[in-house]
Amino acid sequence: MGVSSAEDEIALGHGDVRVADPEAMSVRLETERLVLRLPQLSGGEPGDRAAAIEHVERWIARWERNGVGQFVVLLDGRPIGRVGLLVWDARTWQTSTYAAAGEHAETELGWALTSRHWGHGYATEAARGVRAWAYAERRVERLISLIDPENARSTRVAEKLGAWPDERIETALGPAVVWVHPRDPTSDRTSNR
Ligand SMILES: CC(C)(COP(=O)(O)OP(=O)(O)OC[C@H]1O[C@@H](n2cnc3c(N)ncnc32)[C@H](O)[C@@H]1OP(=O)(O)O)[C@@H](O)C(=O)NCCC(=O)NCCS
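The working numbering numbers the first residue of the sequence shown as 998 and each following residue consecutively.
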């Protein structure tokens, strides 16, 4: 994976107010088959236009607050979904910010692709790229994925990424298993597919 961002590390000690500097907002990652970039209001993101604008505005605000967020996944230059980071407060299992959640902050690595692009290993490949970037460039202490135990496809992605299941929790969206991601890429010997 190539990382072509500015030297834009943000110290993410708990309790920090994390205001992303403008250069941090230009991060762009490349994996074998995919390009991952920040959402843009003019970016032709998938889906209904009004809903897309609302989503994108929320995603950009999260990047600005936390220095991390969702990437748009591009295949041959076209958006096929999103993979990236979301901050939760483990006291309530509601989405939050690093500043508000403090030492209770958990950083989730999540994925969603348009259905016609499922089954090619793209989610796994993109998530592996984001995970490496988050641990190396954003100094995230621990990455988790919250997965509905009924979601076999997503669970399989977590397994392929070398994550392991920990506790079961309740979020506003229902039950979820907390999958914990390895920090050491050498301990993750699974392939993209
Ligand atoms: C989850 C999601 C991102 C996976 O994307 P993807 O690109 O198909 O993922 P991958 O191709 O990397 O891996 C999917 C794996 O699930 C497996 N799979 C597919 N259907 C399955 C099923 N019914 N039961 C078990 N495994 C299944 C595939 O075989 C593949 O594993 P393999 O490589 O060992 O064969 C995609 O299905 C999606 O966007 N779903 C809707 C949003 C969502 O649920 N997001 C996750 C929220 S926690």
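Where is the CB? At the ideal position from N, CA and C, for every residue including glycine.
Take residue i as the anchor and find which of the options has the nearest alpha-carbon.
i       : options                            : result
Leu1229 : Glu1167, Ser1023, Pro1179          : Within the shown structure, residues of the chain are numbered from 998 to 1190, placing residue 1229 beyond reach of any answer.
Thr1111 : Arg1139, Val1032, Leu1072, Glu1105 : Leu1072
Looking only at its own chain, which residues have a Cβ that is under 7 Å from the Cβ of residue i, when we skip the five neighbours before and after it?
i       : result
Ala1169 : Gln1091
Gly1171 : Asp1145
Pro1079 : Sequence check: residue 1079 is Arg here, not Pro. Cβ within range, chain order: Gln1067, Phe1068, Val1069, Val1070, Ala1109.
Considering just the uninterrupted stretch of the beta strand (DSSP E) at residue i, what are its terminal residues?
i       : result
Gly1107 : 1102-1110
Trp1085 : 1075-1086
Quick check on the DSSP output: the alpha helix (DSSP H) that includes residue i runs from which residue to which?
i       : result
Thr1121 : 1119-1134
Trp1090 : Counting along the chain, Trp1090 falls outside any alpha helix (DSSP H), and DSSP gives it neither H nor E.
Trp1060 : 1046-1063
Given residue i, which residues of its chain have a CB within under 6 Å of its CB, disregarding the five upstream and five downstream residues?
i       : result
Tyr1132 : Arg1180
Ser1188 : Because Ser1188 sits at a pLDDT of 43, beneath the cut-off of 50, its placement in the model cannot be relied upon, and the following sentence gives the value as read from the coordinates. Cβ within range, chain order: n/a, list empty.
Is residue i a contact residue of ligand 1, with contact defined as CB to any heavy atom under 7 Å?
i       : result
Ala1048 : no
Arg1125 : no
Gly1107 : yes
Tyr1119 : yes
Ala1169 : no
From the DSSP output, read off the bridge partner residues of residue i.
i       : result
Thr1168 : Gly1171
Leu1035 : Answer is none; Leu1035 lacks a bridge partner.
Leu1158 : DSSP lists no partner for Leu1158.
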